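Trainee: So the sequence shown is residues 0 to 489, counted in numbering that gives the first Met the number 0.
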Amino acid sequence: MTAAETTQTSPESTSAIDYGAQQGLLARGYGEKPHATFLMYAIPGGREKEARAFVASLPITDGADAPQVARPGEGDRRARRRHQPVAMNVAMTYRGLLALGMDEALASATFSEPFRAGMGSPRTAELLRDAPSTFAWSDAPSSGATVVHLAVLVYSDTFARLEATLHGLRADAKRAGLDEVASLDDSTLELEEPFGFADGIAQPRFDPADPQADTAPGEFVLGSMNAWGRVAGDWQSEGARPEQVEAPVDPMPLLRGGSYLVLRDLRQDVQGFWRYFASQASKPEEAVFLASKAVGRWPSGTPFDQQDTEDGPANPSTWDDFGFAARDREGLRCPFGAHIRRMHPRDWLFAGDEASVRALNARHRILRRGRPYGIRPGRMSALEMATHPDRIPAHAQGLYFGCLNTDIHRQFEFLQQTWANNANFAGLSDSPDPLIGVHPRRDLIIQKDPVRRRLRGLPVFVHVRAGGYFFLPSMPAIRRLFGKSNEKMR
Ligand code: N7H
Numbered sequence: 000m001t002a003a004e005t006t007q008t009s010p011e012s013t014s015a016i017d018y019g020a021q022q023g024l025l026a027r028g029y030g031e032k033p034h035a036t037f038l039m040y041a042i043p044g045g046r047e048k049e050a051r052a053f054v055a056s057l058p059i060t061d062g063a064d065a066p067q068v069a070r071p072g073e074g075d076r077r078a079r080r081r082h083q084p085v086a087m088n089v090a091m092t093y094r095g096l097l098a099l100g101m102d103e104a105l106a107s108a109t110f111s112e113p114f115r116a117g118m119g120s121p122r123t124a125e126l127l128r129d130a131p132s133t134f135a136w137s138d139a140p141s142s143g144a145t146v147v148h149l150a151v152l153v154y155s156d157t158f159a160r161l162e163a164t165l166h167g168l169r170a171d172a173k174r175a176g177l178d179e180v181a182s183l184d185d186s187t188l189e190l191e192e193p194f195g196f197a198d199g200i201a202q203p204r205f206d207p208a209d210p211q212a213d214t215a216p217g218e219f220v221l222g223s224m225n226a227w228g229r230v231a232g233d234w235q236s237e238g239a240r241p242e243q244v245e246a247p248v249d250p251m252p253l254l255r256g257g258s259y260l261v262l263r264d265l266r267q268d269v270q271g272f273w274r275y276f277a278s279q280a281s282k283p284e285e286a287v288f289l290a291s292k293a294v295g296r297w298p299s300g301t302p303f304d305q306q307d308t309e310d311g312p313a314n315p316s317t318w319d320d321f322g323f324a325a326r327d328r329e330g331l332r333c334p335f336g337a338h339i340r341r342m343h344p345r346d347w348l349f350a351g352d353e354a355s356v357r358a359l360n361a362r363h364r365i366l367r368r369g370r371p372y373g374i375r376p377g378r379m380s381a382l383e384m385a386t387h388p389d390r391i392p393a394h395a396q397g398l399y400f401g402c403l404n405t406d407i408h409r410q411f412e413f414l415q416q417t418w419a420n421n422a423n424f425a426g427l428s429d430s431p432d433p434l435i436g437v438h439p440r441r442d443l444i445i446q447k448d449p450v451r452r453r454l455r456g457l458p459v460f461v462h463v464r465a466g467g468y469f470f471l472p473s474m475p476a477i478r479r480l481f482g483k484s485n486e487k488m489r
């Protein structure tokens, strides 16, 4: 049978979101579970069968009863009702799928090019301006870093339950002969990230049942219709590559309901961040104001659209209800170069008419699933850090950045390459993204009437320490791939 004969994706199967058929991470970020650890494993040669049995034995959490979180707290309440104290999800790198015994011709025909190359490859390093030779772990042997095959993501409501789950998992992994390459421990999930800003507020809305949906499900769920009106991941719909035409079997049953997970360990120089903004200000309140201009929101999460001179009372239900076109065309509230305005320009007309701007945005969204790490109880507030940057503890803090998307190049890589690293974004000069932009000169231009202000020479505040591209298979794909653990994967 040729691939052309077997690839049939009916319109019915691509229109609705079947959360129960997906791993829970697609439906929610487990915000109700404050404790999490991501275990990274390598599969030594000859351990293919044991590794498959290990994956088959994992109690994977699906996304049933947890539709997309529309507002902070909303999905959490629903999830609490289900009383699931621990959640577990699993994802594999391309090399991981091969190490688990997947047929290389099928794997090559099934998965997208960026995923197959890997974040640690020269291709991706050049594109993102990364230095994978300094990574602690990655997904491509060329990086020189330890290659990760498997990520097991564990979330728990209590620390004790997390520890007990990890204990059992580690014993099973040891029996299977897997090497634990890294353990990404996030201390406690706070709404605030290490710089002291509320995070995890804005997310794309993609459920066709949501009247306010601003993009298509296929931007995050493979096998669904994407914002181009094509079936995400389907080579027939998206344009075939030669090796796919020769594909021995239909790749869609493996892809459908899955997603690509981008994971990056982003170390944050919190002291450096607040020292810099304090050095540009005459008083701590001004330092907080300038840092907020860099982020595009106040520390509480309040957007400049609602409060343009000082932080306001946090009102999460309205945090995401704003655009830039009607009230902030000139960037006088949220600067053009601010992190959030670049990462999601919303309705802002810098590149064409309104319809084309909305379409442009719909095609460049990511579903963020990261967790901050190194945040300790009793931490200093943003104002305290701006007042006493020298008292900020020097222990490691950062973000285990995670995002889901179906087209890594058009979504995650586009955001980092074309919007964050672009020093000429929206007509600016020498101004990459102030938080994550990589460029030899890092200025921040703050639009102001009558004269704009330019902060010069921002140090690098965020360092990429490790990372990889993973595939998050659907529940049926996990059963299909790992159900019969001593058969070759197909
Ligand atoms: Fe960003 N930060 O904590 O300061 N981010 N981010 N991010 N980010 C956002 O709206 C931060 C990073 C996006 O729809 C907020 O949830 C830090 C990468 C997107 O309005 C804050 C790091 C990428 C949005 C931060 C970091 C993105 C967003 C505001 C690195 C993608 C939503 C809170 C250590 C390549 C924008 C919120 C929207 C928001 C921070 C990384 C993307 C506070 C510190 C690598 C799409």
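Glycine included, C-beta positions come from ideal geometry on N, C-alpha and C.
Since the model is a prediction, treat every value here as computed from it, not as a measurement.
Find the nearest neighbour of L254 within the set A425, L262, S111, judged by alpha-carbon distance.
Mentor: The sequence position of residue 254 within the sequence shown is 255, counting from 1. Among A425, L262, S111, the Cα nearest to that of L254 is on S111.
Trainee: Assign Y372 to one of three DSSP states: helix, strand, or coil.
Mentor: Here residue 372 refers to the residue found at position 373 when the sequence shown is read from its first residue. In this structure, Y372 counts as strand in the three-state DSSP scheme.
Trainee: Check whether the segment 263-283 touches the segment 294-313, counting contact only when three or more Cβ pairs, one atom from each stretch, lie closer than 8 Å.
Mentor: Flag = no, the segment 263-283 and the segment 294-313 do not touch.
Trainee: To which residues does DSSP link I445 through a beta bridge?
Mentor: Here residue 445 is taken as the residue at index 446 of the sequence shown, counted from 1. I445 is bridged to R452.
Trainee: For S316, which of E329, P302, R328 has the nearest alpha-carbon?
Mentor: As a working note, residue 316 is residue 317 in the sequence shown. Of the listed residues, the one whose Cα sits closest to S316 is P302.
Trainee: Is P392 buried or exposed, if buried means 16 or more other CB atoms sit within 10 Å of its CB?
Mentor: Residue 392 sits at position 393 when you count from the first residue of the sequence shown. It counts as exposed.
Trainee: What are the boundary residues of the alpha helix (DSSP H) that includes E49?
Mentor: For the purposes of this step, residue 49 is taken as residue 50 along the sequence shown, with counting starting at 1. Start and end: 47-56.
Trainee: In this structure, does DSSP put G19 in helix, strand or coil?
Mentor: Numbered from its first residue, the sequence shown carries residue 19 at position 20. It is helical.
Trainee: So V269 is in the alpha helix (DSSP H); what residue range does that whole segment cover?
Mentor: Here residue 269 is taken as the residue at index 270 of the sequence shown, counted from 1. From DSSP, the alpha helix (DSSP H) with V269 extends over 269-278.
Trainee: Go ahead and pull the three-state DSSP assignment for V294.
Mentor: Here residue 294 refers to the residue found at position 295 of the sequence shown. In the structure shown, V294 sits in a helix (DSSP, three-state: H, G or I).
Trainee: Distance, Cα to Cα, A385 vs C333?
Mentor: Within the sequence shown, the letter at position 386 stands for residue 385. Within the sequence shown, the letter at position 334 stands for residue 333. The alpha-carbon atoms of A385 and C333 are separated by roughly 20 Å.
Trainee: Tell whether a beta-carbon distance below 9 Å holds between V261 and F469.
Mentor: Position 262 of the sequence shown, counting from 1, holds the residue named residue 261. Position 470 of the sequence shown, counting from 1, holds the residue named residue 469. For V261 and F469, yes; Cβs fall inside 9 Å.
Trainee: Taking the continuous beta strand (DSSP E) assigned at M91, which residues delimit it?
Mentor: Sequence index remark: in the sequence shown, residue 91 carries index 92 (1-based). Where M91 is concerned, the enclosing beta strand (DSSP E) stretches over 85-91.
Trainee: Contact between the segment 37-44 and the segment 170-179: three or more CB pairs below 8 Å?
Mentor: Contact between the segment 37-44 and the segment 170-179 is present, because at least three Cβ pairs lie under 8 Å.
Trainee: If we define contact as Cβ-Cβ less than 9 Å, is V461 a contact residue for chain D?
Mentor: You won't find chain D in this structure, because it holds only one protein chain.
Trainee: Check whether the segment 195-208 and the segment 156-172 touch, using three or more Cβ-Cβ pairs below 8 Å as the test.
Mentor: As far as the Cβ criterion goes, the segment 195-208 does not touch the segment 156-172, which means the pair count is below three.
Trainee: Measure from the alpha carbon of Q446 to the alpha carbon of each residue in V153, E353, L427, then state which is nearest.
Mentor: Sequence index remark: in the sequence shown, residue 446 carries index 447 (1-based). For the residues V153, E353, L427, the minimum Cα distance to Q446 belongs to L427.
Trainee: Please go through the same chain and pick out, in chain order, the residues whose beta-carbon is closer than 6 Å to the beta-carbon of G95, but skip the five residues on each side of it.
Mentor: Counting from one through the sequence shown, the residue named residue 95 turns up at place 96. These residues qualify, in order along the chain: H148, L149.
Trainee: Grab me the residues of D156's own chain with a C-beta within less than 6 Å of its C-beta, minus the 5 sequence neighbours each way, in chain order.
Mentor: Here residue 156 is taken as the residue at index 157 of the sequence shown, counted from 1. Cβ neighbours of D156 beyond the five flanking positions: K32, P84.
Trainee: Start and end of the beta strand (DSSP E) containing R464?
Mentor: Taking the sequence shown and counting its residues from 1, one reaches residue 464 at position 465. Unbroken beta strand (DSSP E) run through R464: 461-471.
Trainee: Opposite M39 in the DSSP bridges: which residues?
Mentor: What you label residue 39 is simply residue 40 of the sequence shown in a count that begins at 1. Per DSSP, A150, A181.
Trainee: Mind checking whether I374 and P193 have CB atoms under 9 Å apart?
Mentor: Counting from 1 along the sequence shown, the entry for residue 374 is found at position 375. Counting from 1 along the sequence shown, the entry for residue 193 is found at position 194. Result yes, Cβ atoms of I374 and P193 sit closer than 9 Å.
Trainee: Taking G167 as part of the alpha helix (DSSP H), name the residues at either end of that continuous run.
Mentor: In the sequence shown, residue 167 corresponds to position 168, counting from 1. That run of the alpha helix (DSSP H) goes 158-175.
Trainee: How long is the line joining the alpha carbons of E11 and W273, rounded to whole angstroms?
Mentor: Position 12 of the sequence shown, counting from 1, holds the residue named residue 11. Position 274 of the sequence shown, counting from 1, holds the residue named residue 273. Because E11 sits at a pLDDT of 37, beneath the cut-off of 50, its placement in the model cannot be relied upon, and the following sentence gives the value as read from the coordinates. About 52 Å.
Trainee: Measuring CB to CB, does A358 end up less than 9 Å from A226?
Mentor: Counting from 1 along the sequence shown, the entry for residue 358 is found at position 359. Counting from 1 along the sequence shown, the entry for residue 226 is found at position 227. Result yes, Cβ atoms of A358 and A226 sit closer than 9 Å.
Trainee: Is M342 a contact residue of the ligand N7H, with contact defined as CB to any heavy atom under 8 Å?
Mentor: Indexing the sequence shown from 1 puts residue 342 at position 343. Yes - the ligand N7H has a heavy atom lying nearer than 8 Å to the Cβ of M342.
Trainee: Along the chain, where does the alpha helix (DSSP H) containing L403 start, and where does it finish?
Mentor: For the purposes of this step, residue 403 is identified with residue 404 of the sequence shown, where counting begins at 1. Segment 397-404 is the beta strand (DSSP E) holding L403; no alpha helix (DSSP H) there.
Trainee: Find the nearest neighbour of G295 within the set L331, P210, N314, judged by alpha-carbon distance.
Mentor: Taking the first residue of the sequence shown as 1, we reach residue 295 at position 296. Ranking the options by Cα distance to G295, first place goes to L331.
Trainee: If you drop the 5 nearest sequence neighbours on each side, which residues of the same chain put their C-beta closer than 6 Å to that of A98?
Mentor: Counted from its first residue, the sequence shown places residue 98 at position 99. Taken in chain order, the residues that qualify are I42, H148.
Trainee: Please classify F158: is it buried, with 16 or more other beta-carbons within 10 angstroms of its beta-carbon, or exposed?
Mentor: Here residue 158 refers to the residue found at position 159 when the sequence shown is read from its first residue. It counts as exposed.
Trainee: At the level of alpha carbons, what is the spacing between A465 and T133?
Mentor: Taking the first residue of the sequence shown as 1, we reach residue 465 at position 466. Taking the first residue of the sequence shown as 1, we reach residue 133 at position 134. Cα-Cα distance, rounded: 8 Å.
Trainee: Excluding the 5 residues preceding and the 5 following D448 in the sequence, name in chain order all residues of the same chain whose CB lies nearer than 7 Å to its CB.
Mentor: In the sequence shown, residue 448 corresponds to position 449, counting from 1. If we look at D448 and ignore the five residues flanking it on each side, its Cβ neighbours are L331.
Trainee: Cβ atoms of S107 and S120: under 9 Å apart, would you say?
Mentor: Locating residue 120 in the sequence shown gives position 121, counting from the first residue. Locating residue 107 in the sequence shown gives position 108, counting from the first residue. Against a cut-off of 9 Å, the Cβ pair of S107 and S120 comes out as no contact.
Trainee: With distance defined between alpha-carbon atoms, name the residue in V146, D184, F335, A144 nearest to E162.
Mentor: Here residue 162 refers to the residue found at position 163 when the sequence shown is read from its first residue. It is D184.
Trainee: Can you give me the C-alpha to C-alpha distance between T109 and M474, rounded to a whole angstrom?
Mentor: In the sequence shown, residue 109 corresponds to position 110, counting from 1. In the sequence shown, residue 474 corresponds to position 475, counting from 1. Answer to the nearest angstrom: the Cα atoms are 17 Å apart.
Trainee: State buried or exposed for P472, treating a residue as buried only when at least 16 other CB atoms are found within 10 Å of its CB.
Mentor: In the sequence shown, residue 472 corresponds to position 473, counting from 1. P472 is buried by the Cβ-count criterion.
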